[in-house]
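Asks:
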Amino acid sequence: MVERQVTAVIDAHAHCGEMDRSWSQDFADYARQVADTDIVGVAFFSPVMEIYDRYDINFVDTPEWRKSRRRSNAYLLSLRSPALTVYPYFFIWNDFAVDQLSPVHCGIKWHRHADEPVYHYNASRCAEALDAIRRRNLPVVLEEELDNTVRFIKELAHGIRVIIPHLGGLNGGFRAIADQGLWARENVWADTALASRSEIEAYMEDYGHGRLMFGSDFPFGDPASELRKVRSLGLDPGTEKAILSGNFMRLQGAIRGE
Ligand SMILES: [Zn+2]
């Protein structure tokens, strides 16, 4: 019998929180879902609804929302488990509260969709936050409209590693990102969460596999089936390992100066 080589897998894209119960997405829910998989580590982001009211385009920040953000981000820092290494990302919003960054934060989550309240890109606090992110060498998972994605990468985020999730699926699409020349940039990474097999293959064809990471988009994606999707591509073992864990560790290693 030939034993399958087991690669310890890291999920580079999952949402986790205990306040927004519109989805089952607390740590126990995630741990249960991945219990029978090879996933041993996970990058967690707060649920959007714990950060701002995505359904109110005229959203005005309040002390209550600030409290919710603080509590939500703190929850991710509190997670400990022998079975799963948690890599907490800090979900940043318009108060650009980088003073809440702790040494254990592994990245930044930056997220909005087209009909949601906007980030204040022209605010001086935004530039200051980007400086702080750059100094700490934290990667930014950027889910934004295409125009803002392009501006962020071409104008604002010089020297910052940006991960475009879903192979661009919610940033204007894989092709639009390609047409803008963003995938080709050395500081632009990608994750496979909910991307199609053909997009993953097209990405690797043009840009290789050095900046591509496995992600599940839990709870919107199922970690086990997202993992099966990547394994079913029939990649050579080295390439598969890079996508399932190696690239994430390289990304994180750069923070710690390894
Ligand atoms: Zn997501």
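Just so it is clear: in the sequence shown, position 223 is 222 by numbering that gives the first Met the number 0, and no numbers are missing.
Each residue gets a CB set at the ideal place from its N, CA and C atoms; glycine is no exception.
Since this is a predicted model, take the numbers as computed values, not measurements.
(1) Quick one: what's got a C-beta closer than 8 Å to LEU129's C-beta in the same chain, skipping five residues either side?
(2) Where does SER224 land, buried or exposed, given buried means 16+ other C-beta within 10 angstroms?
(3) Is the region 6-13 touching the region 213-229, taking contact as three or more C-beta pairs under 8 Å?
(4) How about the region 73-85 and the region 126-145: do they share at least three Cβ pairs that are nearer than 8 Å?
(5) I'd like to confirm something about PRO222: is its beta-carbon nearer than 8 Å to some heavy atom of ligand 1, or not?
(6) Please report the residue range of the alpha helix (DSSP H) in which VAL140 lies.
(7) From ARG88 to ALA42, what does the alpha carbon distance come to, in whole angstroms?
(8) Whole-angstrom Cβ separation of LEU243 and VAL8, contact assumed at under 8 Å?
(9) Does the region 193-205 come close enough to the region 243-253 that 3 or more CB-CB pairs lie under 8 Å?
(10) At a cut-off of 8 Å, would you count ASP216 as near ligand 1, judging by its Cβ distance to the nearest heavy atom?
(11) With ASP130 as the anchor, note down where its alpha helix (DSSP H) starts and where it stops.
Replies: Once the coordinates are examined:
(1) Here residue 129 refers to the residue found at position 130 of the sequence shown. Same-chain partners within the cutoff: LEU155, ALA156 and ILE159.
(2) Reading the sequence shown from its first residue, position 225 is the one you call residue 224. Exposed, since its Cβ has fewer than 16 Cβ neighbours within 10 Å.
(3) yes
(4) no
(5) Translated into positions along the sequence shown, residue 222 becomes position 223. No, the Cβ of PRO222 stays beyond 8 Å of every heavy atom of ligand 1.
(6) For the purposes of this step, residue 140 is taken as the residue at position 141 of the sequence shown. Unbroken run through VAL140 is the beta strand (DSSP E), 139-142; no alpha helix (DSSP H).
(7) Along the sequence shown, read from residue 1 onward, the residue named residue 88 stands at position 89. Along the sequence shown, read from residue 1 onward, the residue named residue 42 stands at position 43. Per the sequence presented here, residue 88 reads as Tyr, with Arg not at that position. The alpha-carbon atoms of TYR88 and ALA42 are separated by roughly 7 Å.
(8) Taking the first residue of the sequence shown as position 1, residue 243 is located at position 244. Taking the first residue of the sequence shown as position 1, residue 8 is located at position 9. Right, the Cβ-Cβ distance comes to about 5 Å (below 8 Å), so this counts as a contact.
(9) no
(10) As a first step, residue 216 is located in the sequence shown; it is residue number 217 there, counting from the start. Yes, ligand 1 has a heavy atom inside 8 Å of this Cβ.
(11) Residue mapping note: residue 130 aligns to position 131 of the sequence shown, counting from 1. Taken as a continuous stretch (DSSP letters only), the alpha helix (DSSP H) holding ASP130 covers 123-135.
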